[in-house]
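Numbering (the numbering used here), first residue to last: 27 to 295.
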C-alpha cells in the first residue's frame with residue numbers, strides 16, 4: 027500500500043508541475059523510478075513508457091475539446107511525415123537499449139536528459155515568436171521531417187517519454203503551425219511512436235516489470251493522469267518562467283544522480 031501511495035503521489039506531483047508548462051512529466055518520472063523505487067534502468071524505461079502511453083491517450087482526449095480531431099486530421103501530412111522517421115527510430119532504439127549493459131544505458135540516458143533540459147529552456151524562451159515554415163521547398167521539408175522524426179523516436183524510445191519537448195518545437199519551426207495545435211499534433215505522433223517502441227520492448231525479459239510492479243504502474247498512471255489534468259487547469263494561472271528554470275535544473279540534477287550512481291557501482295567493481 028505504501029508503494030502504491032508513493033507512486034500515486036510521485037506521479038501526481040510530477041505531472042502537475044510538468045502540466046503547468048505543457049508537458050506530461052515522463053522525463054521527470056524516469057529518475058524517480060530509478061532512484062526512489064530502485065528499478066533497474068531498462069525496467070524503469072519500460073514502466074515509464076507504459077505510463078506515458080496512458081497519459082498521452084488521455085491527454086489527446088482532454089485536448090480534443092479545444093483542438094477537435096477533425097482539425098488534427100486536416101494536418102495529417104505533418105503527422106505522416108514525422109511518423110515516417112519516428113517509428114523507425116523508436117524500433118531501432120528499443121532494440122539497441124535491450125542489447126547494451128545497464129552502465130552504458132545509464133550514460134546514454136544521462137546525456138539525453140541533459141539534452142532535454144537544454145531543449146526545455148530553449149523552447150520556452152527562444153522559440154515562442156517563430157512564425158512560418160522553415161523550408162519553402164516541399165521535398166526539403168519532407169526530408170527534414172523524416173530525419174527529425176527519427177531522432178525524436180530514438181529519444182522517446184530510450185527514455186520511455188512522449189517526446190513533446192522535441193516534437194512541439196519541431197512542428198512549430200518546420201511547418202509553421204500554431205503552438206497549441208502543435209501540442210495536439212505531437213500527441214497524435216507520440217501515441218503510435220510509443221506503441222512501436224513498446225511492442226519492441228515486449229521481447230525483453232525486463233518487460234515482466236509490468237507484472238511485478240502492477241500496483242506501482244496503476245498508481246503512477248492514475249496519479250499522472252490526475253496531475254496532468256490539474257496542471258493543465260492551472261496553466262496560465264501560475265507564472266511558468268521560473269518554473270521552467272526550476273524543472274530544467276531538477277532534471278539536470280536527477281540525470282546526474284543516475285549517472286553518478288552507476289559510476290560509483292562501476293568503480294567498486
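All residues carry an ideal CB built from backbone N, CA and C; glycine is no exception.
- Within the same chain, and ignoring the five residues on either side of residue 210 in sequence, the residues whose Cβ sits closer than 6 Å to its Cβ are 89, 93, 98.
- DSSP places residue 145 in the helix class (H, G or I) of the three-state scheme.
- The segment 166-192 is shown to contain no whole alpha helix (DSSP H) run of 4 or more residues.
- If you ignore the 5 residues before and after residue 37, its C-beta comes within less than 6 Å of the C-beta of 246, 249, 250, all in its own chain and listed in chain order.
- Membership of residue 27 in any alpha helix (DSSP H) is not indicated, and neither H nor E is assigned to it by DSSP.
- The criterion of a C-beta distance shorter than 9 Å is not satisfied by residue 41 and residue 279.
- If you draw a straight line from the Cα of residue 117 to the Cα of residue 194, it is about 21 Å long.
- Excluding residues up to 5 positions away in sequence, 171, 175, 215 lie with their Cβ nearer than 6 Å to the Cβ of residue 108 in the same chain.
- Contact between residue 277 and residue 139 holds: their C-beta atoms lie close to 6 Å from each other, under 8 Å.
- In the structure shown, residue 131 adopts helical secondary structure according to DSSP, grouped into three states.
- For residue 133 and residue 185, the gap between their C-alpha atoms comes out near 12 Å.
- Selection 33, 173, 258 evaluated against residue 110 yields 173 as nearest (Cα-Cα).
- When only Cα atoms are considered, residue 114 and residue 239 end up about 29 Å apart.
- Contact annotation: residue 135 and residue 281 have beta-carbon atoms nearer than 9 Å.
- For residue 58, the enclosing alpha helix (DSSP H) starts and ends at 52-61.
- Counting along the chain, residue 93 sits inside no alpha helix (DSSP H), nor does DSSP assign it H or E at all.
- Rounded to the nearest whole angstrom, the C-alpha separation of residue 233 and residue 163 is 43 Å.
- Counted as a single uninterrupted DSSP element, the alpha helix (DSSP H) harbouring residue 216 occupies residues 205-227.
- A direct Cα-to-Cα measurement between residue 56 and residue 74 gives close to 6 Å.
- Residue 240 carries a helical assignment under DSSP once its states are collapsed to helix, strand and coil.
- A distance below 9 Å separates the beta carbons of residue 217 and residue 82.
- Assignment of residue 280 by DSSP, reduced to helix, strand and coil, places it in the helix class.
- Out of 66, 52, 205, 200, the CA that lies nearest to the CA of residue 165 is found in 200.
- Residue 213 sits away from residue 254, with the two beta carbons spaced by 9 Å or more.
- If you ignore the 5 residues before and after residue 79, its C-beta comes within less than 8 Å of the C-beta of 217, 220, 221, 224, all in its own chain and listed in chain order.
- Linking residue 60 to residue 66 through their CA atoms gives a straight-line distance of about 7 Å.
- From the listed residues 229, 231, 32, 169, the smallest Cα separation to residue 104 is found for 169.
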